[in-house]
Amino acid sequence: MKHPNYAQYILRSLELAQLGEGFVSPNPRVGALLVEGDEIIGEGFHRQFGGSHAEVMAIASVKAANRHRIHRATLYVSLEPCNFWGKTPPCTKLIQQHGIRKVVLSAMDATPQVNGMGVRQLREEGIEVITGVHEKRGNDLVRQRTVYVEEGRPYTILKLVLSSDGYFAPATAGPFWLSDAPTARLTHLWRHRTDAILVGTKTAIVDNPMLDNRYFKGKSPARFVLDKGRSLSDGLKMFNPPFPSRRITSLPENSEDILVETDSQGNLPIPEICKSIFALGLGSLLVEGGGRLINSFLQTAYWDELRLIRTSKLLGYGKQFDFPLPAPDKKFILGKDFIEVYLREKANKP
C-alpha cells in the first residue's frame, strides 16, 4: 500500500478547521479526517462552541457502507485530541472505541487538562501517534486559544486607521471616516470573528458607533465601552437593543456594569480590563479605538495583533500615531487602503 501523505492530509484538516471561525471560541478551531487506503472516508470540524468536536464529526460522517473501514483508517487531526470530559466526552476514548490504531496531528493543545496528555493516553493504549506535521501552521491556527489558556486573557487585536500622513484623528472633535468602503466591510468581518469589541469613552461620544456586524452572516461581538465616571449617555447607539454595550467603569450602577478600580494615575488599567472580559468566557477581543486607548494597549504586553489600516486620505494635521513598529508580519491592499498586520512577540507575554 502506498505510504500516506501526512502533509497533504494535515493541510486538509487545517482547511476544515478554518470553517469554524467565528463560532467556536473560546474553544480552538479543529479539523479532522479519516483516511483508509488513500481514500478520505470521513471528515469534519468543530462547528460550534459546546458542540461535537472535529473527531466526532469526522467519524459520524463516514457512510454506512464504509463503517467497517474505520478501524483500519488513520485519523488526521489539526490539534491534539482531548482526553477529559468537558462539554463533550473525551475524544481519546472515542478513538479507542472505534479501534483506530494511528493518529497524525499538527499542533499540541495548550489547554492544561490536555497539553500532551491526550497523546500520552493514546500511546499507552497502543495507538501510534505522529506529531508536529505542519506544526507552525497548526500553532498559528490555535494562537487565540493558546493565549486564552496560558495567559488568562482574551486574544487581543488592535485596529487603527491612519491617514496617508500618519494621523488617526483630526485636531478638532467630530465624526470622521478615513478608510475606504471595502475596508469598512472587512472590519465587520473581523467583528464577526471576534467574541468582544471595545472602544474608549471619546470614541463613543465622537463617533457614536453601533459596534455590531451588519455586513456578514454571523454573530455580532459582545460590546464594551470604557466609561470610568459613568458619564456616557444612555441614548448612544451602542446602548440600543438587541445587544447593548456593557460599561467598564469605576462607578457601577447596575449588574451589567463591570467594575474595574482605577490605578494610581486615575486610569482604568489595561490588565484588569482584559481580565474582566476573560472572566466572561470571551476568548478574543477587538479594540477599535480611539488612538489613546490603542496606545495604552501597545505600552503593555496585553495585545497580540495590531491591524493598521493606512488610507489614501490626507489630514494635514491632527493627532499622530508615532509608536515605533518593525516590519509588518503581513500586508495586503484592499480598495485604496493598505492593511498591515503586526504580531506581538510571545517572549513579551505578561
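Take the sequence shown: its position 208, counting from 1, is numbered 786 in the numbering used here, and each next residue is one higher. All C-beta atoms, glycine included, are put in the ideal place defined by N, C-alpha and C. Please read all numbers here as calculations on a predicted model, not as lab measurements.
DSSP beta-bridge partners of residue 825: 803
Pick from 637, 707 and 796 that is closest to residue 602, judged by C-alpha positions: 796
Under the three-state DSSP convention, the category residue 610 falls into: strand
Validate contact between the stretch 855-867 and the stretch 886-893 using beta carbons, cut 8 Å, 3 pairs: no
Cβ shell of residue 810 (< 6 Å), same chain only, five flanking positions each side left out: 782
Alpha-carbon to alpha-carbon, residue 884 and residue 633: 33 Å
Rounded separation between residue 756 and residue 697 - CA only: 49 Å
Cβ shell of residue 585 (< 7 Å), same chain only, five flanking positions each side left out: 711 and 712
Bridge partner(s) assigned by DSSP for residue 815: Beta-bridge pairing links residue 815 to no other residue.
Residue span of the alpha helix (DSSP H) that contains residue 762, given as start and end: 759-771
Unbroken stretches of the beta strand (DSSP E), 3 residues or longer, contained in the stretch 646-686: 652-657 and 680-685
The stretch 718-737 contacting the stretch 762-782, beta-carbon criterion three pairs below 8 Å: yes
Neighbour-count burial assignment, residue 675, 16 or more Cβ in a 10 Å radius: exposed
8 Å contact criterion, which residue 720 and residue 654 should meet: CB distance rounded: So it is not a contact: roughly 16 Å between Cβ atoms.
Cβ pair count under 8 Å reaching 3, the stretch 790-805 against the stretch 818-829: yes
Residue 716 - containing alpha helix (DSSP H), residue span: 713-719
Cβ neighbours of residue 764 in the same chain (closer than 7 Å, five flanking residues each side left out): 912
Min CB distance residue 802 to chain D below 8 Å: Within the model displayed, chain D is absent; a lone protein chain is all it includes.
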